[in-house]
Ligand SMILES: NC(=O)c1ccc[n+]([C@@H]2O[C@H](COP(=O)([O-])OP(=O)(O)OC[C@H]3O[C@@H](n4cnc5c(N)ncnc54)[C@H](O)[C@@H]3O)[C@@H](O)[C@H]2O)c1
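Residue numbers (the working numbering): 6 to 340.
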């Protein structure tokens, strides 16, 4: 069994599907703080299998103990975390509390049950913003938000556990900007309230939930003046987890890898690709830059290619087509 925490969230649900496809057995846990129980039925529809699931919080010992006592958990993929960079600046305690306490409790329970393989959802936000692009795994770390620091600290905690326990191996996966949805249109990103990320904002404008997109800064030193990011299809990202899991299970030891496409697209590139995929006009307004944002970053994904035999399959057009299918089939998300 593979335990997924944050299993019903955006990346967790897509990874769940890919793990089942690859023949793994999966048990999930989530407290639904940022996801919807209806995801479970969608996973069943896609996979034809009844999901094994526990509703609970990873900061609580009891549900984790129950899972480890009931199932033979060979490895954990830890998605459960709060993830909104801007919100973390307003609510640092909540972010450190949730993201670090959850990790500590999970690691303790894993140790008690002698489970030694851990796939960690890290983030491109752990790279120091002054690094040159593309970002490589060995570049200096540092962050600009409590969210990013919580990932940085989590990496450090896991590295210290590795030093104390040589059997413990970790895949530190640093994701860039996941977008897109499963090709079925049955699962996708369903943010609560105002979306923090570009793609769900764009899709909500397309279905008429919002009248225009605000583009934060039109005077960045980039080709069209808007910010440049490395967008990666969530299904490609999910497959990266399957590869990383297999790497750990085959006893190769720990690995730190960027999961990104290795290409930068600007906000306006994405808007244009989305307009083409959806045949909808996306009105936008250029507004002030957001504090803490940077002009451009993208991954060097060479290490993941060499060590995990993983690289992305889907391009920006496909990301937009799948995001649009999900949003147009589910204008109100899972509700
Ligand atoms: N989406 C991104 O842009 C992005 C980029 C880099 C890294 N990440 C990381 O990837 C992971 C998954 O992100 P996502 O986009 O799927 O987010 P998400 O919010 O959709 O999924 C996270 C899930 O974890 C659950 N959760 C949160 N705290 C919990 C707790 N204490 N106990 C149990 N469940 C809890 C939420 O209910 C949610 O279902 C997170 O760790 C996030 O920080 C995300």
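Heads up, the beta-carbon is just placed ideally off N, CA and C, and yes, glycines get one too.
Keep in mind it's a predicted model, so treat the numbers as computed, not measured.
On the three-state DSSP scale, how would you describe residue 196? coil
Compute the Euclidean distance between the alpha carbons of residue 338 and residue 20, then round it to the nearest angstrom. 19 Å
At the level of alpha carbons, what is the spacing between residue 99 and residue 154? Taken atom to atom, the span from the alpha-carbon of residue 99 to that of residue 154 is near 13 Å.
I'd like the list of long-range same chain contacts for residue 129, defined as Cβ closer than 6 Å, with 5 residues on each side in sequence excluded. 179 and 181
In whole angstroms, give me the CA-to-CA distance for residue 87 and residue 113. For residue 87 and residue 113, the gap between their C-alpha atoms comes out near 20 Å.
The beta strand (DSSP E) enclosing residue 246, as first and last residue numbers: Premise fails: residue 246 lies in the alpha helix (DSSP H), 239 to 254, not in any beta strand (DSSP E).
Quick check: the Cα distance between residue 279 and residue 145, rounded to an integer number of angstroms? 34 Å
Looking at ligand 2, does it come within less than 8 Å of residue 328, judged from the CB to the closest heavy atom? Ligands in the displayed structure: ligand 1; ligand 2 is not one of them.
CB of residue 235 within 9 Å of CB of residue 265, strictly: yes
Check whether the Cβ of residue 314 lies closer than 9 Å to any Cβ atom in chain D. The question asks about chain D, but that chain is absent: this structure has only one protein chain.
Whole-number beta carbon distance between residue 262 and residue 353, since they are thought to touch under 8 Å: The chain is shown only over 6 to 340; residue 353 falls outside these bounds and no answer can be derived.
Alpha-carbon to alpha-carbon, residue 156 and residue 135: 18 Å
Does the beta-carbon distance from residue 274 to residue 185 come in below 9 Å? no
With distances taken between CB atoms, is the gap from residue 82 to residue 7 smaller than 9 Å? yes
Among 106, 259, 241 and 242, whose alpha-carbon lies nearest the alpha-carbon of residue 172? 259
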